RNA sequence: UCCUCGGUAGCUCAGUCGGUAGAGCAGGUGGCUGUUAACCACCUUGUCGGCGGUUCGAAUCCGUCCCGGGGAGCCA
């Protein structure tokens, strides 16, 4: 029976027999024995093993051990007399499971660039930083479910293959068997694609179950090549019935604070690695976000501030034009220096499903901008009035027949409802301080690149 | 897709005015030591991203394509 290093280090059963299995990070030989550091992925820390020359396979196996080899070790845990670790394992048995030829094994004991590691998608989780990202990502995913389940939200598995394009959400990948000669022969009887958003389907379930969320992979065929875009990414989309924009903002804010707090309290060692080596001051930044109120301004106020700003922008600022990255960054990074919620954008630049405000010019939209990442959450109150929605769809040139089911939600028992989308990888980026989104997903897919 | 910077040993990089390539680390061998980015000595390693051009001669200059970083657009 093996014990995970995480538990060994937490419980420190000194004097007790312990067995574990993992991969060799480094070996150092001394006079009559070797120090071997083992990592088993359960935590950032390695466990130091002492392997004495009296072990039967000392000369044949243990002295040959190199970085990357896999081993099983049994022994007795003891207090360490030297600095660097509280406890260490005196091995009574060490079995080599798999060797790793040091001439060809690409990972070294020293630091590698993330660009290099990206070429080794199958080996990079064995590094400190990528292992830590994986654990924090897993924990955040768990915390997402915990947050919503604690609040009686129902998870809906919305479809990956979809026949409805969530307008304004980007280009779709087309799904087909490759055998169809014409549209009538299509596998689904109509053209289909990979989902760009589960929102419209989530609305269906919100108007039946009240509060729901969907959390799954999302696909965008955009040719965008940046440090915060992926072709395949995970998106969290809560949708709440009987909920207006104020309620939407409140739940999004509460959720973000909850998630940051959860990662900090449950992954302290990994978070300290990020704070120390990836983004200095990360923990202070996150604590600040948890403690401070999020700033909130309307789009009109944002335009006002930008027009009065003493800063030269490349792109023009004018009511009716969308805010550019430089504008969003100026507001969140320089003016407010904290997460900023911008609401009530012009209807002309937002999708048909967002609820038209009383001024008839703006919609009940909200974007949450965070320093360094930009937009992390985008949401809105949905248009629940049949006539208004129909007019907006016609204006947008949408085929009404294709969305009859969506219109039915407004025809039968319509209610005000709201929701938002959170880019999960952008959240992981924000929490870990990783500069490039390709480092926070196991196997990144981007134009021209899809390893493994 | 656009702008911009880059691609030299397994990794991180240097390479001047165009004259055929170097360091540190890693790896190998030997030594030493309760070590911990271990240490000391010696040794190995190159389609200079690809193709084409200019030139007596190209890592170096020009063209083009591929790949990567940063920024922009699109968005989450």
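Numbering (my numbering), first residue to last: 416 to 867.
Built from N, CA and C at the ideal position, the CB exists for glycine as well.
Just so we're clear, the structure is a prediction, and the values are computed from it rather than from any experiment.
| query | What is the rounded straight-line gap between the Cα of residue 729 and the Cα of residue 662? | reply | Along the first chain, read from residue 1 onward, the residue named residue 729 stands at position 314. Along the first chain, read from residue 1 onward, the residue named residue 662 stands at position 247. Taking the straight line joining both Cα atoms gives about 35 angstroms.
| request: Report all residues from its chain with a CB closer than 6 angstroms to the CB of residue 578; omit the five preceding and five following residues, and keep chain order. | output: Position 163 of the first chain, counted from the first residue, corresponds to residue 578. The residues are 605 and 607.
| field | Member of 831, 805 and 830 whose CA lies at the smallest distance from the CA of residue 819 | value | Here residue 819 is taken as the residue at index 404 of the first chain, counted from 1. Checking every option, the nearest Cα to that of residue 819 belongs to 805.
| query | Which residue comes first and which comes last in the alpha helix (DSSP H) that contains residue 714? | reply | Locating residue 714 in the first chain gives position 299, where the first residue counts as 1. Residue 714 -> alpha helix (DSSP H) spans 714-723.
| field | Buried versus exposed, by CB contacts within 10 Å (16 or more), residue 575 | value | For the purposes of this step, residue 575 is identified with residue 160 of the first chain, where counting begins at 1. Residue 575 should be labelled exposed.
| query | Residue range of the alpha helix (DSSP H) that residue 639 falls in? | reply | Your numbering for residue 639 matches position 224 in the first chain. Run containing residue 639: none; DSSP gives neither H nor E here.
| field | Through-space distance from residue 449 to residue 442, alpha-carbon basis | value | As a working mapping, residue 442 is identified with position 27 in the first chain. As a working mapping, residue 449 is identified with position 34 in the first chain. Near 7 angstroms, if we compare the C-alpha coordinates of residue 449 and residue 442.
| message | For residue 796 and residue 683, what's the separation of their Cα atoms in angstroms? | response | Looking up residue 796 in the first chain gives position 381. Looking up residue 683 in the first chain gives position 268. Their backbone Cα atoms lie some 36 angstroms apart in a straight line.
| Among 770, 417 and 673, which one has its Cα closest to the Cα of residue 556? | Translated into positions along the first chain, residue 556 becomes position 141. When only C-alpha atoms are compared, the closest one is 673.
| task | Using the Cα positions of residue 598 and residue 816, report the straight-line distance between them to the nearest angstrom. | result | Within the first chain, the letter at position 183 stands for residue 598. Within the first chain, the letter at position 401 stands for residue 816. Cα-Cα distance, rounded: 18 angstroms.
| Between the CA atoms of residue 643 and residue 537 - distance to the nearest angstrom | On the first chain, residue 537 is found 122 positions in, with the first residue counted as 1. On the first chain, residue 643 is found 228 positions in, with the first residue counted as 1. Taking the straight line joining both Cα atoms gives about 22 angstroms.
| Which partner residues does residue 503 have in the DSSP bridge list? | Indexing the first chain from 1 puts residue 503 at position 88. Looking at the DSSP assignment, residue 503 forms a beta bridge with 493.
| Assumed close pair residue 491, residue 431 - CB separation to whole angstroms, cut-off 8 angstroms | Within the first chain, residue 491 is the residue found at index 76, counting from 1. Within the first chain, residue 431 is the residue found at index 16, counting from 1. Right, their Cβ atoms sit about 7 angstroms apart.
| said: If contacts are defined as beta-carbon pairs under 8 angstroms, then residue 439 and residue 451 qualify, I think. What distance do you get, rounded to the angstrom? | reply: As a first step, residue 439 is located in the first chain; it is residue number 24 there, counting from the start. As a first step, residue 451 is located in the first chain; it is residue number 36 there, counting from the start. The pair is a contact, with the Cβ atoms about 6 angstroms apart (cut-off 8 angstroms).
| Under 9 angstroms between C-beta atoms of residue 458 and residue 424 | Translated into positions along the first chain, residue 458 becomes position 43. Translated into positions along the first chain, residue 424 becomes position 9. The answer is yes: Cβ separation under 9 angstroms.
| query | Fully enclosed by the stretch 650-736, which beta strand (DSSP E) runs are 3 residues long or longer? | reply | 710-713
| request: Assuming residue 515 and residue 546 form a contact by the criterion Cβ under 8 angstroms, report the distance between their Cβ atoms to the nearest whole angstrom. | output: What you label residue 515 is simply residue 100 of the first chain in a count that begins at 1. What you label residue 546 is simply residue 131 of the first chain in a count that begins at 1. Not quite, the Cβ-Cβ distance comes to about 17 angstroms (not below 8 angstroms), so this is no contact.
| query | In whole angstroms, what is the alpha-carbon distance linking residue 509 and residue 477? | reply | As a first step, residue 509 is located in the first chain; it is residue number 94 there, counting from the start. As a first step, residue 477 is located in the first chain; it is residue number 62 there, counting from the start. Between residue 509 and residue 477, the C-alpha separation is close to 8 angstroms.
| request: Could you tell me which of 799, 532 and 793 sits nearest to residue 854, measuring between CA atoms? | output: By 1-based counting over the first chain, the position of residue 854 is 439. The shortest Cα separation from residue 854 among 799, 532 and 793 belongs to 532.
| field | Same chain, Cβ closer than 6 angstroms to residue 657, neighbours up to 5 away in sequence not counted | value | As a working mapping, residue 657 is identified with position 242 in the first chain. Excluding positions up to five away in sequence, the list reads 830.
| message | The beta strand (DSSP E) that contains residue 453, what's its start and end? | response | Residue mapping note: residue 453 aligns to position 38 of the first chain, counting from 1. Run containing residue 453: 448-454, per the beta strand (DSSP E) assignment.
| field | C-alpha distance - residue 715 paired with residue 519, whole-angstrom precision | value | Residue numbering aside, residue 715 sits at position 300 when the first chain is read from its first letter. Residue numbering aside, residue 519 sits at position 104 when the first chain is read from its first letter. Approximately 59 angstroms between the Cα atoms of the pair.
| said: So residue 453 and residue 488 are supposed to be a Cβ contact under 8 angstroms. How far apart are they, rounded? | reply: Position 38 of the first chain, counted from the start, is the residue given in the question as residue 453. Position 73 of the first chain, counted from the start, is the residue given in the question as residue 488. Between residue 488 and residue 453 the Cβ distance is about 7 angstroms, and since that is below 8 angstroms, they are a contact.
| Heavy atom of the ligand ZN within 8 angstroms of residue 855 beta-carbon | Because no ligand of any kind appears in the structure shown, any question about the ligand ZN cannot be addressed here.
| query | What are the boundary residues of the alpha helix (DSSP H) that includes residue 531? | reply | Stepping through the first chain from its first residue, residue 531 is reached at position 116. It spans 529-533 - the alpha helix (DSSP H) in which residue 531 sits, taken as one unbroken run.
| said: So, under 8 angstroms CB-CB, residue 833 and residue 650 are touching, yes? Tell me the CB distance rounded to an integer number of Å. | reply: By 1-based counting over the first chain, the position of residue 833 is 418. By 1-based counting over the first chain, the position of residue 650 is 235. With a Cβ gap of about 16 angstroms, residue 833 and residue 650 do not count as contacting.
| said: Give me, in chain order, the residues of the same chain whose beta-carbon lies closer than 8 angstroms to that of residue 572; leave out the 5 immediate sequence neighbours on both sides. | reply: Here residue 572 corresponds to residue number 157 of the first chain, with the count starting at 1. Closer than 8 angstroms at Cβ, skipping near neighbours: 629 and 631.
| The alpha helix (DSSP H) spanning residue 792 covers which residue range? | Walking along the first chain from the start, residue 792 turns up at place 377. Boundaries around residue 792 are those of the beta strand (DSSP E), 789-796, since no alpha helix (DSSP H) includes it.
| Short check: CB of residue 813 to CB of residue 767, under 9 angstroms? | By one-based count along the first chain, residue 813 stands at place 398. By one-based count along the first chain, residue 767 stands at place 352. Yes, these two residues count as a Cβ contact at 9 angstroms.
| said: Helix, strand or coil for residue 774? Go by DSSP, reduced to three states. | reply: The residue given as residue 774 occupies position 359 in the first chain. Coil at residue 774, not helix or strand.
| field | Which residues DSSP lists as bridging residue 632, in chain order | value | Start at 1 with the first residue of the first chain, and residue 632 comes out as number 217. DSSP lists 649 as partners of residue 632.
| request: Hey, could you find the ends of the alpha helix (DSSP H) residue 560 is sitting in? | output: Working through the first chain from its first residue, we reach residue 560 at position 145. Note, residue 560: alpha helix (DSSP H), 543-565.
| field | One or two residues paired with residue 864 in a DSSP bridge | value | To locate residue 864, count along the first chain from 1; it is residue 449. Per DSSP, 861.
| said: Does residue 739 come out as helix, strand or coil in the three-state DSSP assignment? | reply: Counting from 1 along the first chain, the entry for residue 739 is found at position 324. Here residue 739 sits in coil by DSSP.
| query | Can you round the beta-carbon distance between residue 748 and residue 786 to whole angstroms, since I take them to be within the 8 angstroms contact cut? | reply | Residue 748 sits at position 333 when you count from the first residue of the first chain. Residue 786 sits at position 371 when you count from the first residue of the first chain. Rounded, the Cβ-Cβ distance is 5 angstroms, consistent with contact.
| Between the Cα of residue 803 and the Cα atoms of 769, 789 and 780, which residue gives the shortest distance? | Looking up residue 803 in the first chain gives position 388. Ranking 769, 789 and 780 by CA distance to the CA of residue 803 puts 769 first.
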